[in-house]
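Since the structure comes first, as structure tokens, the remarks are kept for the end.
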Amino acid sequence: MNLLLAWVLAVATPSLLAASKGKRKPPKKKPARRKTPPRASKPRPRVKTVARRAKPKPPRGKTIPAHARKVLPPVAPAPKPAEPAPPKPVPPLGRAILLSPENEKYVDSFHPTFRWLSIGGATRYEIIWGEESALTKHHTILSIATEATVPVEEPLRLGGTYYWRVRGGNDSGWSAWSDVFSFRVLEELA
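Note that the sequence shown ends on residue 197 in this note's numbering; no numbers are left out.
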């Protein structure tokens, strides 16, 4: 133990005291490397470079002479497949429900307006009316709305009885006809 204490007092204490006072021993310097003078370089012998040509490949099969070769026109790209057409709608399936003129009622106009409920899938309507219940002789109106008015060119007769019906259609065809309604024009109009 005495030896350890003696060593601490002799060796470690001065360095600890110097460190506590802010004095440090400078780090040991490494010896500088010796610079060697550049070596005298010997001239290298020059090597002559030779460009090498690719060896021609041996022909496969028969060789076609230049005068016999044909230049083909560029090939057009294959046409793109046509996009499938959108499916056609089915013809309207329902029947129109007639609203006015009401069945077996009177109207007070030479040009009444026909009204009905729409049919699912219909994009247009055909309205026919005439003085016969079978509607063999009739007048026709096409409409995209759910109403149509008797044209000015075809006025109705005073006191006449008329029959009418409607059907809906689209690009695929027509629906079935609605029921036939009848109405009567008043004898005297105000």
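Just so it is clear, CB atoms sit at the ideal spot from N, CA and C, and this is done for glycine as well.
Between Thr156 and Trp123, the CB-CB gap reaches or exceeds 8 Å.
The residue from Ile148, Pro91, Thr130 and Pro84 with its alpha-carbon nearest to that of Pro119 is Ile148.
Taken in chain order, the complete beta strand (DSSP E) segments of 3 or more residues contained in the segment 105-177 are 105-107, 112-114, 120-123, 131-137, 146-150, 154-156 and 168-177. Counting only the Cα atoms, Phe188 lies some 11 Å from Leu142. Three or more pairs of CB atoms, one per stretch, sit closer than 8 Å, so the segment 106-121 contacts the segment 159-174. Of Arg53, Tyr113 and His145, the smallest CA-CA separation from Glu133 is found for His145. Burial of Ser182 is indicated by the presence of at least 16 other C-beta atoms within 10 angstroms of its C-beta. Inclusion of Ile135 and Ala103 in the CB contact set at 8 Å is not warranted, their separation being larger than that value. Scanning its chain for C-beta atoms nearer than 8 Å, with the 5 sequence neighbours on each side dropped, one finds around Tyr113 the residues Phe190, Arg191, Val192 and Leu193, in chain order. The shortest C-alpha to C-alpha distance from Pro158 to any of Ser116, Lys87 and Ala129 is the one to Ser116.
DSSP places Ser189 inside the beta strand (DSSP E), whose first and last residues are Phe188 to Val192.
Look at Gly180 here: in three-state DSSP terms it is strand.
In this structure, Ser179 lies near Pro96, with their beta-carbon atoms less than 8 Å apart.
In this structure, the straight-line span from the alpha carbon of Asp186 to that of Phe121 is close to 14 Å. Contact annotation: Arg131 and Ile151 have beta-carbon atoms nearer than 8 Å.
Put simply, the backbone Cα of Glu138 is about 10 Å away from that of Arg164. Burial of Ala129 is indicated by the presence of at least 16 other C-beta atoms within 10 angstroms of its C-beta.
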